[in-house]
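A short write-up of the structure that comes next.
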Amino acid sequence: MEYTEVMVRYGELSTKGKNRKDFINRLASNVEKVLKDFPQIEFHPRHDRMHIVLNGASFKDVDQRLKKVFGIQTYSPAIKIPKTLEDIEKTSLELMQETFKPGMTFKVNTKRSDHKFEYDTNQLNNLVGDYLFDHMDGLKAEMKHPDLVLRIEVRQDAVYISNQLLHGVGGMPVGTAGKAVMMLSGGIDSPVASWLALKRGVDIEMVHFFSPPYTTEKALAKAKELTGILANYAGKINFIAVPFAEIQETIKEKLPEGYLMTVQRRFMLQLADRIRAQRSGWAIFNGESVGQVASQTLQSMVAINDVTTTPVIRPVATMDKTEIIAKAEEIGTFDLSIQPFEDCCTIFAPPRPKTKPKLEKAREYEARLDVEGLIERAMAGIEITPIYPNEKFLDDKAQEDADLL
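Counting from 1, position 199 in the sequence shown corresponds to residue 194 in my numbering; the numbering is continuous, with no gaps.
Given below as structure tokens:
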């Protein structure tokens, strides 16, 4: 059937009190962005739900976009019809015939804001229910937990009918929690952490460290393409590439092997913090999971976090690897994350990194270096790329090479 509109119901927005209007407006703006390819669509945000008038746009295409917009709890495609019993019965039957499967239960649920309409809610429930039983086989009514709910809304202008309740991703509209930077590697964890940050309404910009000639253009392209997948949930994400080779070479040349990783991560955090300040962000996010690798023990985190007072938020900190992998598969980043292009975190990894580094030692070793000069030169070389949903950066040959490894 050709649906005429979509009724969108909000998630946590209903709990936001005085800020509710701002949250709803942000959600409406985000929905408009993801549906910008459909100029005929109209948007009508209201205090309790949003109405999207399709004006001929395909609901199937719109559905693919809406299911990735944070802040939407549920939504239903609906059909607008004239306010006559004949139209209500005919449309209800067509909708049920299209969606009903053998063994399903159903009920009719009518709401009426036009109290001058000739039938009240109970009468409509009974009339439509009887009509469906007369024209369909195998129907079974269930009032408490039906498989299908045929919703009929009688408004002043028309009647609206729907029988699908589709679930969105929930969360908060992206942008309502402020701006932050995300330390994105090419691995499994940081894209999942990025998705979780977006779900809480954080407008993130990706900070990615690359070390040519030690890392390849393919590794950089992989990180950008991961950002393109995540942009499905945000509309657009800025990707900030930071040259890191000089810093890594200097650390490897001048510092003890056991502290290479600790000091390297301290530099990364300082650079991320500088970029955050320049870009008016409030926090730093990363994909660290407690105890997963040497740099992610609690002692390591203390030695690394020492370089900033900015909040460092770790969305996957307490998740098992299997949980992180499951979420990566769900959001579509896993297959790309496991492509074996070396990033800057692996090329200079020492064979025996300190798992319990001393903060005083980390400070002492770092002080031997020209910290400010190294950071300034890295900052001077950053490149910012706006990345849009599903934007591709890896060519087919790169994918073939990865598949062979």
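In this text, a Cβ means the ideal position worked out from N, Cα and C, and glycines have one as well.
Close-in-space but distant-in-sequence residues of the same chain around residue i (CB under 8 Å, 5 per side omitted)
| i | result |
| --- | --- |
| R409 | The requested residue 409 does not occur in the structure, where the chain is confined to residues -4 to 400. |
| R413 | Residue 413 cannot be examined here, being either before or after the span of the chain that is shown, -4 to 400. |
| K349 | G253, Y254, M256, T257, A289, S295 |
| E27 | F38 |
Sequence-distant residues of its chain with Cβ nearer than 6 Å to residue i (five each side left out)
| i | result |
| --- | --- |
| K13 | none |
| Q294 | K351 |
| L399 | Here L399 scores only 46 on pLDDT, less than 50, and its place in the model should not be relied on; the value that follows carries that caveat. Closer than 6 Å at the Cβ level, and outside the excluded window around L399, lies no residue. |
| D268 | T303, T305 |
| G173 | W277 |
| G223 | I382, N385, E386 |
| V197 | A172, A175 |
Segment limits, beta strand (DSSP E) that includes residue i
| i | result |
| --- | --- |
| S71 | 67 to 76 |
| A23 | Premise fails: A23 lies in the alpha helix (DSSP H), 15 to 29, not in any beta strand (DSSP E). |
| S157 | 154 to 157 |
| V202 | 198 to 205 |
| E378 | 378 to 382 |
| F38 | 37 to 40 |
DSSP state of residue i mapped onto helix, strand, coil
| i | result |
| --- | --- |
| Y126 | helix |
| M167 | strand |
| R261 | helix |
| A312 | coil |
| M131 | coil |
| V302 | coil |
| E148 | strand |
| D109 | coil |
| L399 | Any reading at L399 must be qualified, since the residue scores a pLDDT of 46, below 50, and its modelled position is unreliable; the value itself is stated next. In this structure, L399 counts as helix in the three-state DSSP scheme. |
| N117 | helix |
| D56 | helix |
| A216 | helix |
| M45 | strand |
| T(-1) | coil |
| I333 | coil |
| V307 | strand |
| I412 | This structure cannot settle anything about residue 412, because the visible part of the chain is limited to -4 through 400. |
| E283 | coil |
| I242 | helix |
| Y5 | strand |
| V288 | coil |
| V297 | helix |
| K102 | strand |
| L221 | helix |
| L266 | helix |
| L160 | coil |
The alpha helix (DSSP H) enclosing residue i, as first and last residue numbers
| i | result |
| --- | --- |
| P186 | 184 to 194 |
| A175 | That residue, A175, is in no alpha helix (DSSP H); its beta strand (DSSP E) goes 174 to 178. |
| N233 | Counting along the chain, N233 falls outside any alpha helix (DSSP H), though it belongs to the beta strand (DSSP E) covering 232 to 238. |
| E84 | 80 to 94 |
| D142 | Careful: D142 lies outside any alpha helix (DSSP H) and carries neither H nor E. |
| R372 | 366 to 375 |
| Y228 | Note, Y228: premise wrong, no alpha helix (DSSP H); not H, not E. |
| R347 | No alpha helix (DSSP H) contains R347, which DSSP labels as neither H nor E. |
| D390 | Here D390 belongs to no alpha helix (DSSP H), and DSSP marks it neither H nor E. |
| E355 | 354 to 362 |
Nearest-angstrom Cβ-Cβ length linking residue i and residue j, presumed shorter than 8 Å
| i | j | result |
| --- | --- | --- |
| F101 | P141 | 5 Å |
| R260 | I308 | In fact, because the Cβ distance is near 16 Å, the residues do not count as touching under 8 Å. |
| M(-4) | E84 | In fact, because the Cβ distance is near 15 Å, the residues do not count as touching under 8 Å. |
| V311 | D184 | 6 Å |
| F65 | V187 | Not quite, the Cβ-Cβ distance comes to about 15 Å (not below 8 Å), so this is no contact. |
| L122 | L80 | 7 Å |
| E180 | D338 | What sits at residue 180 in the sequence shown is Ser, not Glu. So it is a contact: roughly 6 Å between Cβ atoms. |
| L369 | T210 | Their Cβ separation, rounded to whole angstroms, is 18 Å, which puts L369 and T210 out of contact at 8 Å. |
| G230 | N25 | 7 Å |
| E378 | A236 | 5 Å |
Reference residue i, options the options, closest by Cα
| i | options | result |
| --- | --- | --- |
| H51 | I74, T69, R41 | Note that residue 51 is Gly in the sequence shown, not His. Checking every option, the nearest Cα to that of G51 belongs to I74. |
| S157 | G163, V169, L143, Q151 | L143 |
| G182 | Q334, V26, E367 | Q334 |
| A278 | Q265, G223, K111 | Q265 |
| Q273 | S332, I19, A375, G223 | A375 |
| F112 | V197, I147, I370 | I147 |
| K194 | E7, E386, R358 | E7 |
| G163 | T380, I242, Y228 | Y228 |
| L119 | N104, I320, D198, S71 | N104 |
| E200 | N385, T380, D17 | T380 |
| M314 | V285, F329, T328 | V285 |
| I67 | L161, N117, F54, R358 | L161 |
| D152 | H130, S108, T116 | S108 |
7 Å Cβ shell around residue i - same chain, five flanking residues per side excluded
| i | result |
| --- | --- |
| L30 | I36, V57, R60 |
| L127 | S87, L88, M91, L134 |
| E220 | L331, K387, F388, L389 |
| Y70 | V1, M2, V3, R4, L61, L161, G163 |
| Q291 | E283, S284, V285 |
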